[in-house]
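Visitor:
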Amino acid sequence: MTDQENMAAAPAPANLPEQILHYIDGNYVPSLSGETFDVLNPVTNETYIQAASGDKADVERAVAAAKKAFETGPWPKMLPRERSRILHRVADLIEAEDERLAELESYDSGLPITQALGQARRAAENFRFFADLVVAQVDDAFKVPGRQMNYVNRKPIGVAGLITPWNTPFMLESWKLAPALATGNTVVLKPAEFTPLSASLWGNIFAEAGVPAGVFNLVNGLGETAGDSLVKHPDVPLISFTGESSTGSLIFANSAPFLKGLSMELGGKSPAVVFADANVDDAVDATIFGVFSLNGERCTAGSRILVQRDIYDEFVEKYAAQASRIKVGLPSDPNTEVGALVHPEHYDKVMSYVEIGKEEGRLVAGGGRPKDFPTGNFVAPTVFADVAPDARIFQEEIFGPVVAITPFDTDEEGLALANNTKYGLAAYIWTNDLKRAHNFAQNVEAGMVWLNSNNVRDLRTPFGGVKASGLGHEGGYRSIDFYTDQQSVQINLGKVHNPTFGKQ
Ligand code: NAD
């Protein structure tokens with residue numbers, strides 16, 4: 003069987019719904035207009051299902067349901083322990099369905115199945131983490147003995163609008179849903195239009211776990227219609243957005259008239275800096291995984307590798323050889339390391355950067371479509387060496403399996419190169435020199451730094467970027483802060499000391 007035949011043979015997951023629907027007030031519903039949009043299989047680019055295409059009217063319905071559930075339902079008033087139990091059940095249900103979830107996600111997004119499975123488990127873990135955190139939550143109290151006591155009331159805010167991208171869609175949705183719900187808010191989720199399939203599981207999962215109707219609502223649709231209506235809805239005081247920096251600034255502007263609370267997790271062009279004293283084999287392994295896992299469609303991808311000149315040639319040679327051996331394959335194949343990019347539009351964008359890179363750098367691996375895959379959104383892992391810092395492939399987020407390698411000489415030059423983009427999401431540093439590692443970490447313009455490590459994240463740590471990579475940090479109690487109001491209450495403990503106005 004050729005790969006082409008394999009592709010045709012890769013079957014659609016069993017028991018797909020007839021149409022991907024919205025989920026509003028406890029029911030799966032089509033759009034009021036009846037409108038739908040096409041959802042493509044990235045291996046064939048054939049439409050395999052239709053999704054309900056929401057517009058302002060559907061968003062109105064979803065927000066009304068969420069508002070009612072917030073104002074009159076039990077969810078915001080439940081004890082943290084009660085909500086926590088329900089959210090642990092959500093995690094149990096996700097875990098029980100992890101294989102099905104991974105199958106749907108992989109089919110819809112083109113992610114390799116093993117990596118989709120890891121993301122499904124991470125989604126369950128997000129629920130467990132925030133279910134635990136709200137039970138352990140303590141709030142500040144301040145006392146001036148004999149005079150005043152001050153304490154903090156932490157309150158859910160209302161209807162949270164959650165807008166998510168198509169890379170690891172279910173996991174990124176869980177990342178917002180878990181803290182928003184754990185803190186007692188109700189939500190309207192607008193998932194990415196390229197990958198709506200796995201999100202269609204949420205409604206049943208929440209209902210089965212015991213989340214009351216109206217607490218979780220989902221409207222599918224395009225960013226400019228469904229997403230825009232959510233952003234501009236006056237009854238949605240919070241917007242948590244993950245996506246491109248340009249979309250983030252548009253949403254920021256559209257939210258301004260309403261003075262909404264905003265959390266923005268945006269794009270990246272993160273540096274991986276490899277010093278001559280690093281363990282080169284570890285650094286090669288990690289920087290290969292860092293840019294080619296999740297098909298390179300990863301916000302924290304180390305897509306610019308800066309290598310100290312003493313080891314530059316050795317590094318590039320090893321890196322190119324290893325990148326050329328990465329197994330591109332069907333997303334459903336457990337041996338696949340890089341699958342198919344999500345959508346033909348994104349494939350065209352990534353391929354245009356591959357062509358730009360051929361003008362801007364020295365191609366040492368990949369450079370186009372892998373030969374066994376004449377159709378579908380497959381891109382061979384592509385490596386450009388000797389890339390100048392003003393090159394577009396050095397500066398612009400490609401969001402695919404394409405990496406730029408650039409040499410540097412001194413620590414100062416490495417730092418200047420690392421900081422030489424508009425983005426500031428992550429940075430990876432490879433060195434065995436302790437002082438250098440910590441000083442570099444201090445000075446690099448990135449929201450998150452990994453030293454001699456791949457992107458392994460403790461859920462308690464802050465997550466977010468600086469510069470064009472985002473505004474605000476989520477993760478751990480910072481997510482709790484975003485989704486709650488902290489009201490301070492002041493109590494007099496002593497004599498009432500009033501400056502008396504109008505004294506007789
Ligand atoms: P995108 O900005 O195109 O879309 C993201 C979401 O926003 C989608 O649901 C889309 O429908 C919606 N949207 C688009 N226009 C809108 C509008 N005018 N109003 C309201 N909603 C709108 O991003 P994408 O292509 O789906 O995702 C890839 C991007 O996401 C990359 O830049 C990547 O780096 C970034 N990302 C960042 C993080 C992070 O945590 N920093 C994580 C994952 C992805």
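Residues 3 to 506 (the numbering used here) make up the sequence shown, in order.
Ideal Cβ positions, reconstructed from N, Cα and C, are used throughout, including at glycine.
In chain order, which continuous runs of the beta strand (DSSP E) of length 3 or greater are located wholly inside the segment 172–204?
Guide: Whole beta strand (DSSP E) segments, 3+ residues: 188–192.
Visitor: In chain order, what residues of the same chain lie with their CB nearer than 6 angstroms to the CB of Gly1, ignoring the 5 residues before and after it?
Guide: In this structure the chain extends from 3 to 506, so residue 1 is not present and cannot be described.
Visitor: Using DSSP bridges, identify the partner residues of Ser242.
Guide: Ser242 pairs with Leu164, Ser265.
Visitor: Tell me which same chain residues have a C-beta within less than 6 angstroms of the C-beta of Ala215, skipping the five on either side of it?
Guide: Answer for Ala215: Asp27, Gly28, listed in chain order.
Visitor: Please work out which residues of its chain come closer than 7 angstroms, Cβ to Cβ, to Gly378, disregarding the five sequence neighbours upstream and downstream, and give them in chain order.
Guide: Excluding residues within five positions, the ones whose Cβ falls inside 7 angstroms are Met9, Pro44, Val45, Thr46, Asn47, Ala342.
Visitor: From Ala228 to Arg87, what does the alpha carbon distance come to, in whole angstroms?
Guide: Rounded to the nearest angstrom, the two C-alpha atoms are 32 angstroms apart.
Visitor: With 16 as the cutoff for other CB atoms within 10 Å, does Asn187 come out buried or exposed?
Guide: It is buried - the Cβ of Asn187 has at least 16 other Cβ atoms within 10 Å.
Visitor: Locate the alpha helix (DSSP H) running through Ala125, then write down its first and last residues.
Guide: First-last of the alpha helix (DSSP H) with Ala125: 115–138.
Visitor: Given a cut-off of 9 angstroms on the beta-carbon distance, is the pair Ala367 and Ala325 in contact?
Guide: Going by C-beta atoms, Ala367 is nearer than 9 angstroms to Ala325.
Visitor: Taking 6 angstroms as the limit between beta carbons, can you name the residues of its chain near Gln121, skipping five residues before and five after?
Guide: Only Thr170, Met173 meet the Cβ criterion.
Visitor: Report the rounded CA-to-CA distance for Ser248 versus Val41, giving the unit in angstroms.
Guide: The straight-line gap from Cα to Cα measures roughly 24 angstroms.
Visitor: Based on Cα-Cα distance, which residue from Ala126, Glu107, Leu81, Asp413 lies nearest to Ile96?
Guide: Nearest of Ala126, Glu107, Leu81, Asp413 to Ile96, Cα basis: Ala126.
Visitor: Measuring alpha carbon to alpha carbon, tell me which residue in Asp435, Lys469, Leu332 is nearest Leu453.
Guide: Answer by Cα proximity: Asp435.
Visitor: Let's see if you can read the secondary structure: which residues bound the beta strand (DSSP E) around Ser108?
Guide: That residue, Ser108, is in no beta strand (DSSP E); its alpha helix (DSSP H) goes 100–111.
Visitor: Tell me Gln150's beta-bridge partners as DSSP assigns them.
Guide: In DSSP, Gln150 forms a bridge with Val146, Asn494.
Visitor: Let me see if you follow: with CB-CB separation under 9 angstroms, is Ser251 close to chain D or not?
Guide: Absent from the structure is chain D; it holds one protein chain and no more.
Visitor: Less than 8 angstroms between the CB atoms is what I'm expecting for Ala93 and Glu107, so what's the real figure, rounded?
Guide: Rounded, the Cβ-Cβ distance is 17 angstroms, inconsistent with contact.
Visitor: May I have the straight-line CA-CA distance separating Lys157 from Val217, to the nearest angstrom?
Guide: Distance between the alpha carbons of Lys157 and Val217: 16 angstroms.
Visitor: Can you name the start and end residues of the alpha helix (DSSP H) that Gln444 belongs to?
Guide: It spans 436–445 - the alpha helix (DSSP H) in which Gln444 sits, taken as one unbroken run.
Visitor: Among the residues of its own chain, which have a CB less than 7 angstroms from the CB of Asn456, if the five just before and after it don't count?
Guide: Same-chain partners within the cutoff: Ala288, Phe291, Gly292.
Visitor: Identify the continuous beta strand (DSSP E) that holds Arg300 and give its terminal residues.
Guide: Arg300 -> no beta strand (DSSP E), and no H or E assigned at all.
Visitor: As a quick exercise: from Leu113, Glu398, Tyr50, pick the residue whose alpha carbon is nearest that of Ser334.
Guide: Checking every option, the nearest Cα to that of Ser334 belongs to Leu113.
Visitor: Going straight from the alpha carbon of Thr497 to that of Gln150, what length do you get?
Guide: What sits at residue 497 in the sequence shown is Lys, not Thr. Whole-angstrom Cα-Cα distance: 10 angstroms.
Visitor: Taking three-plus beta-carbon pairs below 8 angstroms as touching, is the segment 251–267 in contact with the segment 69–87?
Guide: Touching, no.
Visitor: Which partner residues of Thr38 appear in the DSSP bridge assignment?
Guide: Paired residues: Ala54.
Visitor: Taking the Cβ atom as the reference point for each residue, do Pro403 and Val381 lie within a distance shorter than 9 angstroms?
Guide: Result yes, Cβ atoms of Pro403 and Val381 sit closer than 9 angstroms.
Visitor: Considering only heavy atoms of the ligand NAD, does any lie closer than 8 angstroms to the CB of Asn256?
Guide: Yes; taking the cut-off as 8 angstroms, the Cβ of Asn256 has a heavy atom of the ligand NAD nearer than that.
Visitor: Is any non-hydrogen atom of the ligand NAD found closer than 8 angstroms to the C-beta of Phe196, if you look at the structure I gave you?
Guide: The answer is yes for Phe196.
Visitor: With the cut-off set at 9 angstroms, would you say Val238 and Lys262 are in Cβ contact?
Guide: In contact: Val238 and Lys262 (Cβ atoms closer than 9 angstroms).
Visitor: How would you call Ile493, buried or exposed, if buried means at least 16 neighbouring beta carbons within 10 angstroms?
Guide: Counting Cβ neighbours within 10 Å, Ile493 comes out exposed, since fewer than 16 surround it.
Visitor: Taking Gln139 as the reference, which of Pro82, Lys320, Ser202 has the closest Cα?
Guide: Taking only the C-alpha atoms, the option nearest Gln139 is Pro82.
Visitor: Please find out if some non-hydrogen atom of the ligand NAD comes closer than 8 angstroms to the beta-carbon of Ile26.
Guide: No, the ligand NAD has no heavy atom inside 8 angstroms of this Cβ.
Visitor: How far does the beta strand (DSSP E) with Thr408 in it reach, from first residue to last?
Guide: Counting along the chain, the beta strand (DSSP E) containing Thr408 begins and ends at 404–410.
Visitor: So, at 7 angstroms on beta carbons, what are the nonlocal neighbours of Ala14 in its own chain, with the 5 sequence-adjacent residues on each side left out?
Guide: If we look at Ala14 and ignore the five residues flanking it on each side, its Cβ neighbours are Tyr50, Tyr109.
Visitor: Check for me: the alpha helix (DSSP H) holding Asn256 runs from which residue to which?
Guide: Looking at the DSSP string, the run of the alpha helix (DSSP H) that includes Asn256 is 247–257.
Visitor: Given a cut-off of 9 angstroms on the beta-carbon distance, is the pair Lys192 and Ile165 in contact?
Guide: Yes, Cβ-Cβ distance for Lys192 and Ile165 is below 9 angstroms.
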